[in-house]
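Residue numbers (our numbering): 9 to 255.
Even for Gly, the Cβ is constructed at its ideal location relative to N, Cα and C.
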């Protein structure tokens, strides 16, 4: 591996660099919105060390693409963190183990930025929700994370990834990550990108602010005809929380 320091994953890790009142506000807003919107049975995708605090009326099963043992090998930066037990090993973008209209909620905090096809991911998350079910997403605001030097992912790019498949842009994403997040020297960008791609490391493929993400939601509802309404979009320190309700 080229000698670079990986950015630590977000949520609790990122917030530790902030002051205590900010951490408390971040946690309180997540907890309050979960208490308001989540009930019944559902899944949380990619919780790792930061599962969403949920109310007693919500029963959560945890989904990840690897077992806990494999996650620890893949993310050595989480060696000191306590990870939730993985109940279901599945691709969080497709949720192939989950039947249509089988869940009351899907939680996907700091997940959609890791997906290669966000439009397809939204469609699949909505697919498994019952009518009236809730999709709860915490999305990093690129301005306040290690993505701060990266340009926003434009809507045309997202549509192309959905319609043609993400393979054509995959290397470009890894190169942008190596250059603008890891900060490797120019001559090492391409070798580092190949290394990350071979490892299938879960980078932030796409990045947004809340208004930029709203363009994706508008396209999803108006052009892709995804069956949802927007309950709320709220800033929350280094992220914004998006809550969608299945039509």
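The criterion of a C-beta distance shorter than 8 angstroms is satisfied by residue 218 and residue 243.
With a cutoff of 8 angstroms on beta-carbon distance, residue 182 and residue 160 are scored as not near each other.
Distance between residue 38 and residue 141, taken at the CA atoms: about 18 angstroms. DSSP, reduced to helix, strand and coil, places residue 173 outside both helices and strands of the structure shown, so it counts as coil.
According to the DSSP secondary-structure assignment, residue 72 is paired through a beta bridge with 97. Under the DSSP assignment, residue 50 falls outside any alpha helix (DSSP H), being part of the beta strand (DSSP E) whose first and last residues are 48 to 53.
Annotation: the continuous beta strand (DSSP E) that includes residue 144 extends over 137 to 148. Looking at the DSSP output, residue 247 sits in a beta bridge with 148, 244. Beta-bridge annotation (DSSP): residue 113 is paired with 50, 142. DSSP places residue 83 in no alpha helix (DSSP H); its state is neither H nor E. Contact check between the segment 190 to 207 and the segment 96 to 115: fewer than three CB pairs, one atom from each, fall below 8 angstroms, which does not count as touching. Every unbroken stretch of the beta strand (DSSP E) spanning 3 or more residues and falling wholly within the segment 159 to 244 is given here in chain order: 236 to 244. When secondary structure is reduced to three states using DSSP, residue 67 falls in the strand class. Residue 36 and residue 247 have their C-alpha atoms spaced approximately 13 angstroms apart. Excluding residues up to 5 positions away in sequence, 52, 60, 144 lie with their Cβ nearer than 6 angstroms to the Cβ of residue 115 in the same chain.
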